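Residue numbers (our numbering), protein chains in the order written: chain A, 481 to 1044; chain B, 481 to 1044.
We put the beta carbon where it would ideally sit given N, CA and C, even for glycine.
Here the structure is a predicted model, which is why all the values come from computation and not from measurement.
So the structure is just underneath, and the comments pick up after that.
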């Protein structure tokens, strides 16, 4: 591509309103441009990167005999009602009426429609297995779009679905996708971890996530100092290492605690530590108020809480609801005499004579024991902390932030049963199909790559996803010799179908160099004054090295770049 | 691709609910499947065709230095309000509120957003021209989706937009796209005509359409026996060849015409012909009732009417409105004494002593003349008829049906002005950018190709869009020699990256042959009994010819297929 003939621009200044390194650099490099909240235009230079990402994904899917198809984005709402997921997605779905007042949604993921597609045919066990996928636009009305391409409301997803006659088949199909995903993210040169995760809105038997390690990541990837344990914070078990308290149980006692509301303030009042408390958190879970009791030095894990209650959504109860249930100001909830179900973390079972809110403003109970209240259920409800014990080997756990770039789900027969996807087995009996579901967010990959591959000059694209592998930069457009050499190299590259950019703009060399660095082209050949003597400059964006190269050897050097 | 390992099916029976040859064949071939009204899943075999169509389009766009990008489908409604097109599209747009009650639409076409993208930069005249395009999903809430992929509510469109500093630049950009489109449709082997058309919802200076000739086409392509005149019926001028009537003007007279309502019945009553009448049609145009008067033997052209009134939408007035305006039952409207604006076709100027409705039930006026009423405007309002006179050469006009597969628009500076897209000229003055807009509907191309390329056995894909060029069909899976040869040929093809299908299903030969014919694979190699003797069968789907070919020459024959 010749820049002089192209729509091309870069921005010198940092982008306003962008809250991540990747979105700032992508905007400045003229690769993306925000069009509204959580939506971006992918500009020509960015589209080249996206196309390369798409190509990697397609190649690796095809290598596993997956077959590409294309679904509509508009789906009748009744499809999701049938599967029971309309409520699960809630207001995360964009919904509308068509002109005849029929309800439609914009598909956030396509398990249902793929089950419909597959149910048309392939009714005999002999027709299995198969793997169908699409690279298609998804829509999710996120509460808080952020970090540029990382959390958007419209994006391209590769979503694949496997269809098998039994669990062993699903395991095999899943293993193939696991392998394909490793190859895909390796080719993108992403540093990632594969972690066990919550099955969430998908449901099913197992989920694993590919987490690109990055400080900006919204997920916490829990690892271990001692073994290869790896898990999303959401589902990591807290190993219960507490010993039963050997204290004698005292009698529960109401104490006035004026001017003390936070755990720290109340602890100071009593001369105790947070771990001597039991915190009570009131939540609105699918419209019902419930209480969660956890040790005072711990945080509640909402994913575990939702799972325990088999619920879809939860948020902290409103001030009004808290005051209604506790008959006190916010901050004094406790499990004794509370007028709602209480779910208790199992570590509390070891505690004696602990302190709780008294459901009375400015009052706490001390010397509380398990006999003083009756929880609905006891379970692991706490967030794991860095330094907690690894559930596998007992060594300390470590935390890293991750961007979820891909996920795998063993769905089992859940969707087959709700969407009527059955096959006849060898005995002519109807059996439900075993499905798997596998997603990759393409724009999010693009952003994650930039988060991991940049420096203060701009983006440093890995070779397989770079918009161009090489730029050719003549210093002076007026110098005939320079232009002749630059054009000759450019023509050589295009003839060989090498992806190359000729910066033949009438700009100062410094501007051109800065732009080539900002947009992250891996290699640059500068055709400057020494071109007269047959000397060119070759720069490597990865190492920052520059070297002088004889014009005689430059073409074989170029060949090497594209061969590797 | 090996069929035994693929998701593949065909249907023996004609598809229910499909109202065109192409949709029936595409459904039966397992290439598409309806998912809801006006929406289809493109199944794996169909996706291969669509990808080839996409590839042709991309290659020819890139050859004209157009640059690909990607826009969101969700666009804030205010963008279309700004350009004035929100009303133009009306209920053809899908609209919704997001979770924060902000209004969004699903883009039916992207002139506005491309103007926004282009306005970010390229502010100097030196930065022009450029051509930006995308291959992206469009949404239109059609009143009556029909004919399978021909009129759908969600489809992939290649939409390109050119940006120039003056009309001469736009002319050049337009000519390049004209040329690219010819190449694109030639490569798809579509028989098409390029016709002048209404600029419609786009507005602008000029529009031309690429009409694939087909009996099912919803557009009428007007041609000429004598010259290369070519125009969409919508905008074709009616050449006014009427001579002024030489009759003496009589006095207008009210006549009771019991039991006569249609023109034919009233004509019979008076012993006259339809051409002696003036028809009065009452319409609701953008919410206002108006009347159109045309000669009794002509039809109203609504496109001309809309254009004349600078209106967006028109439909026949309701019975209630007609009765309110005419104070009579429906069927007796006439321009004399009518309480709404009257628009008159210019051919009526030649007429004398004509018959009209009297705005009184069961009554007509006879001997009506131009002095008896006052039209608001006089213009060409009639639909041209086959056999009318060509406006260029005077020979008779001919009609063909066409499917609009592509269109070109010279937009001029309309969008630049509404969307604030200006550049600074050499004198540092702000000037509006000249835009062009160019669309191709990809699924519609797929359907049009099938409408033109099929026989009673199924689809006959042109080579450049066939899902596979060649199928290899072994007759007996149990015959080791047959399978060895079939696999060897298959491996030879895949090694050479030839697109090939191996039908290794355990099915009867007749089933396999029928399927390969139905899905329209151009060439077939059958490996049957004579394979033992080194003889294979080669079938050509285009000619229907079969020939025996020696196994020694088959690979060079295959090479030829893929070379051509």
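With the cut-off set at 7 angstroms, would you say residue i and residue j are in Cβ contact?
i: residue 608/B; j: residue 586/B; result: no
i: residue 1015/B; j: residue 982/B; result: no
i: residue 774/A; j: residue 757/A; result: no
i: residue 641/B; j: residue 685/B; result: no
i: residue 498/A; j: residue 628/A; result: yes
i: residue 761/A; j: residue 802/A; result: no
i: residue 912/A; j: residue 928/A; result: no
i: residue 921/A; j: residue 635/A; result: yes
i: residue 669/A; j: residue 942/A; result: yes
i: residue 693/A; j: residue 671/A; result: yes
i: residue 842/B; j: residue 737/B; result: yes
i: residue 812/A; j: residue 776/A; result: no
i: residue 528/B; j: residue 520/B; result: no
i: residue 709/A; j: residue 690/A; result: no
i: residue 891/B; j: residue 917/B; result: yes
i: residue 695/A; j: residue 881/A; result: yes
i: residue 1102/B; j: residue 687/B; result: Chain B is shown only over 481 to 1044; residue 1102/B falls outside these bounds and no answer can be derived.
Could you tell me the alpha carbon to alpha carbon distance between residue i and residue j, rounded to whole angstroms?
i: residue 919/B; j: residue 874/B; result: 33 angstroms
i: residue 793/B; j: residue 765/B; result: 6 angstroms
i: residue 707/B; j: residue 717/B; result: 16 angstroms
i: residue 820/B; j: residue 805/B; result: 7 angstroms
i: residue 810/B; j: residue 583/A; result: 37 angstroms
i: residue 677/A; j: residue 697/A; result: 15 angstroms
i: residue 1037/B; j: residue 956/B; result: 23 angstroms
i: residue 828/A; j: residue 861/A; result: 11 angstroms
i: residue 1045/B; j: residue 771/B; result: This structure does not reach residue 1045/B, given that chain B is present from 481 up to 1044, and the question cannot be answered.
i: residue 575/B; j: residue 572/A; result: 17 angstroms
i: residue 903/A; j: residue 987/B; result: 19 angstroms
i: residue 977/B; j: residue 489/B; result: 24 angstroms
i: residue 610/A; j: residue 544/B; result: 40 angstroms
Which residue wins for smallest C-alpha separation from residue i, given the options the options?
i: residue 615/B; options: 565/B, 889/B, 531/B; result: 531/B
i: residue 535/B; options: 663/B, 517/B, 630/B, 484/B; result: 663/B
i: residue 961/B; options: 1007/B, 493/B, 656/B, 697/B; result: 1007/B
i: residue 591/B; options: 553/B, 720/B, 625/B; result: 553/B
i: residue 995/A; options: 937/A, 972/A, 965/A; result: 937/A
i: residue 579/A; options: 542/B, 788/B, 524/B, 518/B; result: 518/B
i: residue 550/A; options: 544/B, 526/B, 645/B, 572/B; result: 526/B
i: residue 784/B; options: 863/B, 639/B, 883/B, 547/B; result: 863/B
i: residue 559/A; options: 516/B, 931/B, 834/B, 572/B; result: 516/B
i: residue 605/A; options: 631/A, 653/A, 986/A, 644/A; result: 644/A
i: residue 487/B; options: 603/B, 524/B, 500/B; result: 524/B
i: residue 556/A; options: 556/B, 746/B, 633/B, 1028/B; result: 633/B
i: residue 617/A; options: 631/A, 623/A, 638/A; result: 638/A
Assuming residue i contacts residue j (C-beta within less than 8 angstroms), just tell me the rounded distance between them.
i: residue 901/A; j: residue 598/A; result: 6 angstroms
i: residue 1003/A; j: residue 949/A; result: 6 angstroms
i: residue 1057/B; j: residue 675/B; result: As shown, chain B starts at 481 and ends at 1044. That puts residue 1057/B outside it, with no answer to give.
i: residue 823/A; j: residue 859/A; result: 7 angstroms
i: residue 484/A; j: residue 899/A; result: That belief does not hold up - the Cβ atoms of residue 484/A and residue 899/A are roughly 54 angstroms apart, past 8 angstroms.
i: residue 924/B; j: residue 883/B; result: 7 angstroms
i: residue 507/B; j: residue 491/B; result: 7 angstroms
Is residue i close to the ligand FMN? I mean its beta-carbon at under 6 angstroms from any heavy atom of the ligand.
i: residue 822/A; result: Absence of the ligand FMN from the depicted structure is noted, as is the absence of any ligand whatsoever, leaving it without description.
Quick one: list the residues of chain D neighbouring residue i, beta-carbon separation under 7 angstroms, in chain order.
i: residue 485/A; result: Reference to chain D is not applicable here, since the protein chains of this structure are A and B.
The region 536-552 of chain B: which residues have C-beta closer than 8 angstroms to a C-beta of chain A, in chain order? Result list: 545, 547, 548, 549, 550, 551, 552.
Of the residues that make up the region 781-807 of chain A, which ones have a beta carbon closer than 9 angstroms to any beta carbon in chain B? Of all residues in the region 781-807 of chain A, none is placed with a Cβ closer than 9 angstroms to any Cβ belonging to chain B.
Along the region 611-627 of chain A, where does the CB come closer than 9 angstroms to a CB of chain B? Name the residues. Those would be 611, 612, 614, 616, 617, 619, 621, 622, 623, in chain order.
Along the region 502-519 of chain B, where does the CB come closer than 7 angstroms to a CB of chain A? Name the residues. So the list reads 513, 515, 516, 519, given in the order they occur along the chain.
Interface positions of the region 574-586 of chain B facing chain A (Cβ-Cβ less than 9 angstroms), listed along the chain: Per Cβ criterion, the list reads 574, 575, 576, 577, 578, 579, 580, 582, 584, 586.
With 9 angstroms as the limit, tell me which residues of the region 949-965 of chain A have their beta carbon closer than that to any beta carbon of chain B; keep them in chain order. From the region 949-965 of chain A, no residue has a Cβ closer than 9 angstroms to chain B.
Of all the residues that make up the region 553-574 of chain A, which are near chain B by a beta-carbon distance shorter than 9 angstroms? Residues of the region 553-574 of chain A that bring their beta carbon within less than 9 angstroms of a beta carbon in chain B comprise 553, 554, 555, 556, 559, 571, 572, 574, in sequence order.
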